[in-house]
Amino acid sequence: MIEIVIRKYLASQLDVPVYLERPDTPPESFVLFEKTGSGKSNHILSATFAFQSYGKTMLETAQLNERVKDVVEGLLTLDDIYKVQLNSDYNYTDTTTKQYRYQAVFDIGHY
Numbered sequence: 025m026i027e028i029v030i031r032k033y034l035a036s037q038l039d040v041p042v043y044l045e046r047p048d049t050p051p052e053s054f055v056l057f058e059k060t061g062s063g064k065s066n067h068i069l070s071a072t073f074a075f076q077s078y079g080k081t082m083l084e085t086a087q088l089n090e091r092v093k094d095v096v097e098g099l100l101t102l103d104d105i106y107k108v109q110l111n112s113d114y115n116y117t118d119t120t121t122k123q124y125r126y127q128a129v130f131d132i133g134h135y
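Position one of the sequence shown corresponds to residue 25 (my numbering), numbered consecutively onward.
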């Protein structure tokens, strides 16, 4: 399952916790990611993932987002991944909880 591969890699490269679902009591800074879509063509798999960076200030959150983008691009060093392409990234502050958040969306090809 590609989510496990990605989570394991991100957790080994980042100095903040990485989750597949939001914890009940989240830390001040963390990364949450989810698969938002996937496809298969000629037996080749691809998926779109949204990586959400959370922090205690807007600056820290933006900096974490930049680190996440660098680390996600490093997935290309893994045998399971053949393509990593940044689709978009943007400020995605949660207006309901007033928690700073950035989101980076990547298209990832995997085996």
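Glycine included, every Cβ here is placed at the ideal spot set by N, Cα and C. Quantities reported herein were computed from a predicted structural model and do not represent experimental measurements.
For Tyr33, the three-state secondary structure derived from DSSP is helix. Out of Pro50, Lys122, Tyr114 and Tyr135, the CA that lies nearest to the CA of Ile105 is found in Tyr135.
Beta-bridge partners assigned by DSSP to Glu58: Ala74.
Unbroken beta strand (DSSP E) runs of no fewer than 3 residues, entirely contained in the segment 70 to 125, are found at 105 to 115, following chain order.
For the 7 Å CB-CB criterion, Phe57 and Ala128 do not form a contact.
Exclusion of the five residues before and after Gln37 leaves Val95 as the residues of its chain whose Cβ lies within less than 6 Å of its Cβ.
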